[in-house]
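What follows is a short report on a single structure.
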Amino acid sequence: MPELPEVETVRQGLAKWVAGRTIESVEVRHPRAIRRHLPGDVHFAAVLKDRTILDVARRGKYLWLPLDSGDAIIGHLGMSGQLLIEPADKPDGPHLRVRILFTDGGPELRFVDQRTFGGLAVSEGGATLPAEIAHIARDPMDPLFSDDDFVTNLRRKHTEVKRALLDQTLISGVGNIYADEALWRAQLHGARPTDQLTKPAARRLLGHVRDVLGEAIVAGGTSFDSLYVNVNGQSGYFDRSLNAYGREGLPCKRCGTLMRREQFMNRSSFSCPRCQPRPRRPLR
Numbered sequence: 349m350p351e352l353p354e355v356e357t358v359r360q361g362l363a364k365w366v367a368g369r370t371i372e373s374v375e376v377r378h379p380r381a382i383r384r385h386l387p388g389d390v391h392f393a394a395v396l397k398d399r400t401i402l403d404v405a406r407r408g409k410y411l412w413l414p415l416d417s418g419d420a421i422i423g424h425l426g427m428s429g430q431l432l433i434e435p436a437d438k439p440d441g442p443h444l445r446v447r448i449l450f451t452d453g454g455p456e457l458r459f460v461d462q463r464t465f466g467g468l469a470v471s472e473g474g475a476t477l478p479a480e481i482a483h484i485a486r487d488p489m490d491p492l493f494s495d496d497d498f499v500t501n502l503r504r505k506h507t508e509v510k511r512a513l514l515d516q517t518l519i520s521g522v523g524n525i526y527a528d529e530a531l532w533r534a535q536l537h538g539a540r541p542t543d544q545l546t547k548p549a550a551r552r553l554l555g556h557v558r559d560v561l562g563e564a565i566v567a568g569g570t571s572f573d574s575l576y577v578n579v580n581g582q583s584g585y586f587d588r589s590l591n592a593y594g595r596e597g598l599p600c601k602r603c604g605t606l607m608r609r610e611q612f613m614n615r616s617s618f619s620c621p622r623c624q625p626r627p628r629r630p631l632r
């Protein structure tokens, strides 16, 4: 699933191509793509017609496009969603779900989603911040993110540190890949109890999270298959810089020990047995 760097890459591309443009019409090709818009496809198209997109914003893994009406288009890419800027004469692909045309006759915005886990909706009055995502914490790239609050709340939790990094009400945008990368840099095992972390250790971890996310944004995100691309259909290349994720059986880039893979919440965690030893006192 796309994490913060992938969604931020999409946001930057969308801002360049759709901010300031007025919607002429909307075509919903698959109802599942707007299943969170409860009034349905006809209403979705009607409330967007003749509306101007003012900007493109992000909270964690969610995008929203503020409109001149005070509403917003809110979107989540899910597992395979793509927001693509395409020429009007380009043939439709097999997984086109929503098409947005603009009054200037320029490139279209197309929502493509092979697995249909993503979706779009209109958030009434959501231009500043959609109510649907107001519960999600700020991410560490947000200028208003509070390092002090994060450290305090992290150390108050009675959970494992990797679970805490994936808690979108504590810190948003971090998923499985970048949690593993930050923990490798911090030399922490994901099962380390959060209430055992010192304040300096928690701050160092946050610094590594921020560094990993920032570097991944510069690289355009991480692409393991063709399902994640930016608005121009290009893949990210941060996978070339991964130190932990997906490196089972390969030498640790720091000490040379063979990397391990462990089951974690129906997913996998990757770490170095030497650099990231298991905690001596497991969480109870």
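Using this note's numbering, you'd call the opening residue of the sequence shown number 349 and step up by one each time. Every residue gets a Cβ at the ideal spot worked out from N, C-alpha and C, and that includes glycine. Source: prediction; values computed, not measured.
- For Ile484 and Met607, the rounded distance between their alpha carbons: In this model, Met607 and Ile484 are separated by some 33 Å (Cα to Cα).
- For Glu596, which residues from the same chain have a beta carbon less than 7 Å from its beta carbon, with the 5 sequence-adjacent residues on both sides left out? Contacts found: Met607, Arg608, Arg609 and Phe618.
- Item | Phe392, enclosing alpha helix (DSSP H) - first and last residue | Phe392: member of the alpha helix (DSSP H) spanning Asp389 to Leu396, first to last residue.
- According to DSSP, is Leu457 helix, strand or coil? Strand, per DSSP.
- Message: For Ala420, tell me which candidate among Leu477, Asp461 and Glu354 has the shortest Cα-Cα distance.
- Response: Closest by alpha carbon: Leu477.
- Considering only C-alpha positions, which residue in the set Arg622, Pro625, Asp587 and Ile565 is nearest to Thr357? Among Arg622, Pro625, Asp587 and Ile565, the Cα nearest to that of Thr357 is on Ile565.
- Since Ala381 contacts Leu457 with CB under 8 Å, what's their CB separation in whole angstroms? Not a contact, Cβ separation roughly 13 Å.
- Apply the 10 Å Cβ neighbour rule to Ala534 and answer buried if 16 or more other Cβ atoms are within range, or exposed otherwise. So Ala534 ends up on the buried side.
- Message: Ignoring anything shorter than 4 residues, give me the alpha helix (DSSP H) runs that lie fully in the segment 507-585, in order along the chain.
- Response: Listed in chain order, the alpha helix (DSSP H) elements of length 4 or more contained wholly in the segment 507-585 are 509-513, 524-534 and 547-566.
- Query: Does the distance from the CB of Trp412 to the CB of Ile481 come in under 9 Å?
  - Reply: Yes; because the gap between Cβ atoms is below 9 Å, this pair is in contact.
- Message: Would you call the segment 437-455 in contact with the segment 488-496, where contact means no fewer than 3 C-beta pairs closer than 8 Å?
- Response: No: fewer than three Cβ pairs fall under 8 Å.
- Item | Buried versus exposed, by CB contacts within 10 Å (16 or more), Asp398 | Within a 10 Å sphere around the beta-carbon of Asp398 sit fewer than 16 other beta-carbons, which makes this residue exposed.
- Query: If we ignore side chains and look at the alpha-carbon of each, how far apart do Leu536 and Asp416 end up?
  - Reply: Straight across, the Cα-Cα distance linking Leu536 with Asp416 is about 46 Å.
- Query: CB-CB under 6 Å to Arg377, same chain, minus the five flanking residues each way: which ones, in chain order?
  - Reply: Closer than 6 Å at Cβ, skipping near neighbours: Leu444 and Arg445.
- Reduced DSSP category for Thr450 - H, G, I as helix; E, B as strand; rest coil: What sits at residue 450 in the sequence shown is Phe, not Thr. If DSSP states are grouped into helix, strand and coil, Phe450 belongs with the strands.
- Taking Cβ to Cβ, would you say Ile401 is nearer than 9 Å to Gly429? Not closer than 9 Å, so no.
- Query: Looking at C-alpha atoms only, which residue of Pro442, Pro455, Met427 and His424 is the closest neighbour of Ala436?
  - Reply: Checking every option, the nearest Cα to that of Ala436 belongs to Pro455.
- Query: Which word fits Pro442, buried or exposed, when buried means at least 16 other C-beta atoms lie within 10 angstroms of its C-beta?
  - Reply: The residue in question, Pro442, is exposed, as its Cβ has fewer than 16 Cβ neighbours within 10 Å.
- Task: Less than 8 Å between the CB atoms is what I'm expecting for Asp495 and Arg551, so what's the real figure, rounded?
- Result: Yes, they are in contact, since the Cβ atoms of Asp495 and Arg551 sit about 7 Å apart, within 8 Å.
- List the endpoints of the continuous beta strand (DSSP E) containing Pro414. Run containing Pro414: Tyr410 to Pro414, per the beta strand (DSSP E) assignment.
- Query: In the DSSP assignment, what residue or residues form a beta bridge with Thr370?
  - Reply: Bridge partners of Thr370: Thr400.
- Message: Here's a check: name, in chain order, each residue in its chain whose Cβ is nearer than 6 Å to the Cβ of Pro599, leaving out the five neighbours to either side.
- Response: Within the same chain, Pro599 has no close Cβ partners at all.
- With contact counted as at least three CB pairs below 8 Å, one residue from each stretch, are the segment 499-515 and the segment 383-399 in contact? Counting C-beta pairs with one atom in each stretch, the segment 499-515 and the segment 383-399 have fewer than three that are closer than 8 Å, which means they do not touch.
- Let me know the secondary structure DSSP gives Ser589 once reduced to three states. DSSP places Ser589 in helix when its eight states are reduced to three.
- Task: Report all residues from its chain with a CB closer than 7 Å to the CB of His424; omit the five preceding and five following residues, and keep chain order.
- Result: Counting only Cβ-Cβ distances below 7 Å, and skipping sequence neighbours, we find Lys409, Tyr410, Gly466 and Gly467.
- Message: Let me see if you follow: with CB-CB separation under 9 Å, is His391 close to chain D or not?
- Response: In summary, chain D is missing from the structure at hand, where a single protein chain is found.
- Leaving out the 5 sequence neighbours to the left and right, which residues in its chain are closer than 8 Å to Ser471 when beta-carbon positions are compared? Taken in chain order, the residues that qualify are Trp412, Asp419, Ala420, Ile421, Ile422, Pro478, Ala479 and Glu480.
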